[in-house]
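Residue 113 is where the sequence shown starts when you use the working numbering, and the numbers rise one by one after that.
Using N, Cα and C, we set each Cβ at its ideal position, and we do this for glycine too.
Right, one structure below, let's go through it.
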Amino acid sequence: MSGEGETPQAIRKLQPGKLVIASHNQGKVREIRELLGPFGIEPVSAGELDLPEPEETGTTFVANAELKALQAADLSGLPALADDSGLCVEALNNDPGIFSARWAGPSKDFGVAMQLVEDNLAKLPPETSRDAHFVCALALAWPDGHVEWFEGRVDGTLVWPPRGSQGFGYDPMFLPNGHQETFGEMEPGAKHAMSHRADAFRQLVAAVLD
113 MSGEGETPQA
123 IRKLQPGKLV
133 IASHNQGKVR
143 EIRELLGPFG
153 IEPVSAGELD
163 LPEPEETGTT
173 FVANAELKAL
183 QAADLSGLPA
193 LADDSGLCVE
203 ALNNDPGIFS
213 ARWAGPSKDF
223 GVAMQLVEDN
233 LAKLPPETSR
243 DAHFVCALAL
253 AWPDGHVEWF
263 EGRVDGTLVW
273 PPRGSQGFGY
283 DPMFLPNGHQ
293 ETFGEMEPGA
303 KHAMSHRADA
313 FRQLVAAVLD
């Protein structure tokens with residue numbers, strides 16, 4: 113989707129070459145590298161370039177992705193791709209949502225974050241729905257300030273205790289609809305085929321890479 117709101121199709125293509133992945137989350141960087149692999153893109157992470165992490169002051173996934181991508185593009189002089197994603201638990205008014213990483217605390221301990229989600233659900237009646245979804249917003253920015261953005265989603269339910277050591281973040285407690293394995297139990301290729309990030313990437317590829 114165009115960041116300028118003019119058309120659902122991107123009006124600028126991404127050329128082969130270096131692209132900054134505006135993230136210090138190694139799990140995200142690894143997934144994005146794998147998804148970009150076939151397209152002649154040379155990903156370099158914000159961490160490798162010693163770029164600072166901006167304060168995420170946006171009130172939506174798209175707004176936070178845009179501010180991260182724009183800062184990285186401005187500081188690096190290269191196109192930059194940022195991801196803002198999170199877990200939305202319907203019974204918790206879609207929390208943690210944009211605060212998903214912050215629920216993990218300063219040490220980014222997602223064991224703590226998953227326990228916090230479970231503790232909040234435990235305060236609700238036993239019949240409360242455990243439905244949840246992941247959202248991923250991708251923003252692609254150029255140094256001149258142009259932005260394209262794309263948003264993906266995957267629906268599922270939450271399990272407890274967490275299962276599996278694959279993936280990252282809340283993956284071990286998220287069971288996608290129609291599947292028997294959590295994202296934490298799935299091999300990366302299986303997750304990439306259906307995840308919120310993959311959904312957003314399919315849109316990005318169709319718009320700016322194909």
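Looking at the unbroken beta strand (DSSP E) that takes in residue 210, where does it start and where does it end? Segment: none, residue 210 is in no beta strand (DSSP E) and carries neither H nor E.
Below 8 Å, can you find three or more Cβ-Cβ pairs linking the stretch 247 to 260 to the stretch 168 to 183? yes
Could you round the C-beta distance between residue 139 and residue 268 to whole angstroms and report it? I think they count as a contact, below 8 Å. The Cβ separation is near 18 Å, so there is no contact.
Going by CA-CA distance only, name the one from 292, 263, 266 that's closest to residue 275. 292
With a cut-off of 8 Å on the beta carbons, I'd call residue 172 and residue 210 a contact; round off their distance for me. 7 Å
Do you know offhand how far residue 297's Cα is from residue 277's? 6 Å
I need the DSSP call for residue 245, collapsed to helix, strand or coil. strand
Under 7 Å: does the beta carbon of residue 195 sit that close to some heavy atom of the ligand GDP? Here there are no bound small molecules, and the ligand GDP is not part of this structure.
Distance between residue 188 and residue 229 (C-alpha atoms, nearest Å): 37 Å
With distances taken Cα to Cα, identify the nearest neighbour of residue 129 among 154, 142, 158. 154
Specify the secondary structure class of residue 194 as computed by DSSP and reduced to three states. strand
Contiguous beta strand (DSSP E) assignments of at least 3 residues, all confined to the stretch 121 to 179: 129 to 133, 153 to 157
For residue 197 versus residue 304, is the C-beta spacing smaller than 8 Å? no
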